[in-house]
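What follows is a set of notes on a single structure, which appears directly below.
There are 2 protein chains.
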Amino acid sequence: MSKPGQQVLAQLRQQIASGRLPPGARVVEIPTAEALGVSRMPVRVALRVLEREGLLEKAGARGFRVRAATRDDIVDGVEVRGVLEGLAALRIGERGMSAATERALRTCLADGDAIFAKGRLVEADLAAYQDMNVRFHAAIIEAGGGGAIREALARNEHLPFASVRALAADIARLDREYSRLSYAHMQHHAIFDALANRQGARAESLMREHANATLAHVDFAWPEMQRPEPR
Amino acid sequence: MSKPGQQVLAQLRQQIASGRLPPGARVVEIPTAEALGVSRMPVRVALRVLEREGLLEKAGARGFRVRAATRDDIVDGVEVRGVLEGLAALRIGERGMSAATERALRTCLADGDAIFAKGRLVEADLAAYQDMNVRFHAAIIEAGGGGAIREALARNEHLPFASVRALAADIARLDREYSRLSYAHMQHHAIFDALANRQGARAESLMREHANATLAHVDFAWPEMQRPEPR
DNA sequence: AGGCTTTATATTGGATCCAATTTGATCTGT
DNA sequence: ACAGATCAAATTGGATCCAATATAAAGCCT
């Protein structure tokens, strides 16, 4: 159907997310079109869409540039994800879980327990944890989030660390990751407990704190990105 | 610079917001381009951008359609606006107001007080109230909202009643509107009081309730849109 | 008479071409 | 030698043309 168009958009998005196009890199129509094997047209619309999405910014007549996210942008994104997922959790807590949602969440909890039962992490565990984590959050969004919540969350996907998908764990310090991720998984347990007991407000609070917990990792993973605000 | 392109985008946005293009209306490239006096190209990119923005949805090969919002979509949108503006208010409460923000908010409060001091509403008051209301919310977003909050809120602008801009008061029942709007304005006072006293959590709660208050108006203004969820 | 198939038309999607604008470099003048 | 101005190259933005596709209507067969 719209194979080339959507393809170009997806490829550019992935190249930006993967760092293949680093922040600040110039993105020009003609070279990009040649590199992707299409004409300038799909690239042009994709660039416009990506700009409106916040991944690119136009650099005058010199083409576009990959927008560099500041630390404040990331903090914003994480807090926004927190309140939105918190809202979804609140609504589940108020209206009750469906049997399917409860089953999906229980599976996630069991998968996480299995990962941490060994008392240590191996490298393959990181991918497994990330998969479980994505499923856990997706189940909550699907159950408690309406269209507006989903759409608003989609805006955050491009921010590093703001997306649940962005794990970027440090494979060199698996012991440190163990404590960080097992703590996050304990939060998963607490969130499920709140949802199962119809404690909407508690579930919301936990969800917001759960999002904020990822912020501690930012300063560790990006030490060069110092907080520019003595405020 | 980019006069025709941005012009087309702005005109389409305004036509959708003003109801000139009602929900469900087909939007086709060629007639739209002719009506706006440009070629298909700027219309094409504008349609793509509007689609990604949520104002349009593509209807297969029959062009695009102005997205119709269900009542649940509106409830979602209002709740999302509530948590996001609540987050902005929370952050202002925690970090304190700038002098400029306090001045802007005080002006809004005084303007509102002047409107309601007469004890009744005339038709011209509605526009004045809407203007004040937009300024009040904009000041809070500007002061407490980061880029992510602003972007996430922008997604809600297309939903009727979810945007602060959408007032749609009933000029036939100005007495009813008086109580509704004066109550909303009292919430403005309470929000300001919370912000001035560094009560971030209180400001957030008030802001969320302030958004929810607009929901009561939906069922009144759109009686034909019944809640489809006995749940 | 109704349903299925086929055909025709409408509409999007992509490519190429042309114009306008901005940026960077070079050249000249003081 | 430095600064300003002019010129050239690159890049975006718009328009027109062509192909692919989906939808709807009409005709035919059962």
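Chains A and B, in that order, are what the protein sequence lines are.
In terms of the numbering used here, the first sequence opens at residue 3 and continues consecutively.
In terms of the numbering used here, the second sequence opens at residue 3 and continues consecutively.
Idealized CB from N, CA, C, for every residue including glycine.
query: Just checking my contact of ARG200 of chain B with GLY98 of chain B at CB under 8 angstroms: how many whole Å lie between their CB atoms?
result: Between GLY98 of chain B and ARG200 of chain B the Cβ distance is about 7 angstroms, and since that is below 8 angstroms, they are a contact.
message: On the DSSP bridge list, what partners appear for LYS60 of chain A?
response: A:PHE66
query: Are ASN158 of chain B and GLY79 of chain B closer than 8 angstroms when you measure CB to CB?
result: yes
message: Can you look up VAL29 of chain B in the DSSP assignment and give me helix, strand or coil?
response: strand
field: Cβ shell of GLN189 of chain B (< 8 angstroms), same chain only, five flanking positions each side left out
entry: Within the same chain, and ignoring the five residues on either side of GLN189 of chain B in sequence, the residues whose Cβ sits closer than 8 angstroms to its Cβ are LEU208, GLU211, HIS212 and ALA215.
query: Pick from A:ALA154, A:ILE143, A:GLU36 and A:GLU104: whose alpha carbon is nearest that of VAL82 of chain A?
result: A:ALA154
Chain-ordered neighbours of GLU55 of chain B on chain A, where CB pairs are closer than 9 angstroms: Result: ARG54.
task: Would you decide whether ASP127 of chain B is buried or exposed? Buried here means 16 or more other CB atoms lie within 10 Å of its CB.
output: buried
query: Where does the unbroken alpha helix (DSSP H) through ALA119 of chain B begin, and where does it stop?
result: From DSSP, ALA119 of chain B is part of no alpha helix (DSSP H); its letter is neither H nor E.
Alpha-carbon spacing of ARG175 of chain A relative to GLN132 of chain A, whole angstroms: 17 angstroms
- prompt: Count the other CB atoms within 10 Å of the CB of VAL85 of chain B; is the residue buried (16 or more) or exposed (fewer)?
  reply: buried
- prompt: Where do the ends of the alpha helix (DSSP H) carrying ASN158 of chain A lie?
  reply: No alpha helix (DSSP H) contains ASN158 of chain A, which DSSP labels as neither H nor E.
query: What separation, rounded to the nearest whole angstrom, lies between the Cα atoms of GLN9 of chain B and VAL29 of chain B?
result: GLN9 of chain B and VAL29 of chain B have their C-alpha atoms spaced approximately 17 angstroms apart.
CB contact flag (GLY146 of chain B, ALA91 of chain B, <8 angstroms): yes
- prompt: If you measure from the beta carbon of ARG50 of chain A to each beta carbon in chain B, is any gap under 8 angstroms?
  reply: yes
Chain-ordered neighbours of GLY121 of chain B on chain A, where CB pairs are closer than 7 angstroms: The premise fails here: GLY121 of chain B is roughly 37 angstroms from chain A at the closest Cβ pair, so nothing lies under 7 angstroms.
query: Given that GLU81 of chain B touches chain A, what residues does it touch there, using C-beta distances under 7 angstroms?
result: LEU89
- request: Return the residue from the list A:LEU58, A:LEU217 and A:GLU179 that minimises the CA-CA distance to ALA129 of chain A.
  value: A:GLU179
- prompt: Is the distance from the Cβ of GLY65 of chain A to the Cβ of GLU104 of chain A below 8 angstroms?
  reply: no
- prompt: CB-CB under 8 angstroms to GLU96 of chain A, same chain, minus the five flanking residues each way: which ones, in chain order?
  reply: ARG200 and GLY202
When A:GLU59, A:ILE94, A:LEU14 and A:GLY56 are compared against ALA37 of chain A, the one with the closest alpha-carbon: If we check each option's Cα against that of ALA37 of chain A, A:LEU14 comes out closest.
message: I'd like the ranges of any alpha helix (DSSP H) spanning at least 4 consecutive residues and lying wholly in the region 121-150 of chain B.
response: 125-146
- prompt: Leaving out five residues before and five after ARG108 of chain B in sequence, what residues of the same chain have Cβ atoms less than 8 angstroms from its Cβ?
  reply: PHE194, listed in sequence order.
task: Could you round the C-beta distance between VAL51 of chain B and ARG46 of chain A to whole angstroms and report it? I think they count as a contact, below 8 angstroms.
output: Not quite, the Cβ-Cβ distance comes to about 12 angstroms (not below 8 angstroms), so this is no contact.
query: Would you say ARG157 of chain B reaches chain A, if we count a Cβ-Cβ gap shorter than 8 angstroms as a contact?
result: yes
Alpha helix (DSSP H) segment containing SER184 of chain A, residue limits: In the DSSP assignment, SER184 of chain A falls within the alpha helix (DSSP H) that extends over 176-198.
query: Using DSSP with H/G/I as helix, E/B as strand and the rest coil, what is ARG229 of chain B?
result: Note that ARG229 of chain B scores a pLDDT of 46, beneath 50, so its modelled location is shaky and nothing firm can be said.
message: So, at 6 angstroms on beta carbons, what are the nonlocal neighbours of PRO230 of chain B in its own chain, with the 5 sequence-adjacent residues on each side left out?
response: Any reading at PRO230 of chain B must be qualified, since the residue scores a pLDDT of 43, below 50, and its modelled position is unreliable; the value itself is stated next. Contacts found: none.
Nearest-angstrom Cα separation, counted from PHE138 of chain B out to ASP177 of chain A: The alpha-carbon atoms of ASP177 of chain A and PHE138 of chain B are separated by roughly 49 angstroms.
query: From GLN115 of chain A to GLY148 of chain A, what distance separates their C-alpha atoms?
result: Looking at the sequence shown, residue 115 of chain A is not Gln but Asp. Roughly 30 angstroms separates the two Cα atoms.
message: Tell me which residues of the region 127-159 of chain A have at least one Cβ-Cβ distance to chain B shorter than 7 angstroms, keeping chain order.
response: GLY148, GLY149, ALA150, ILE151, GLU153, ALA154, ARG157 and ASN158
task: Measuring only between beta-carbons, confirm whether LEU14 of chain B sits less than 8 angstroms from chain A.
output: Judged by the 8 angstroms Cβ criterion, LEU14 of chain B is not in contact with chain A.
query: What distance in whole Å lies between the Cβ atoms of ALA205 of chain B and ALA196 of chain B, which are believed to be in contact at a cut-off of 8 angstroms?
result: 4 angstroms
message: Once DSSP output is grouped into helix, strand and coil, what is the label at GLN201 of chain A?
response: coil
message: Residues of the region 31-50 of chain A in Cβ contact with chain B at a cutoff of 8 angstroms, in chain order, please.
response: ARG46, VAL47 and ARG50
- request: Measure the alpha-carbon distance for PRO232 of chain A versus ARG152 of chain B and round it to whole angstroms.
  value: Caution applies to PRO232 of chain A, whose pLDDT of 34 falls short of 50 and renders its modelled position unreliable; the model cannot decide the point.
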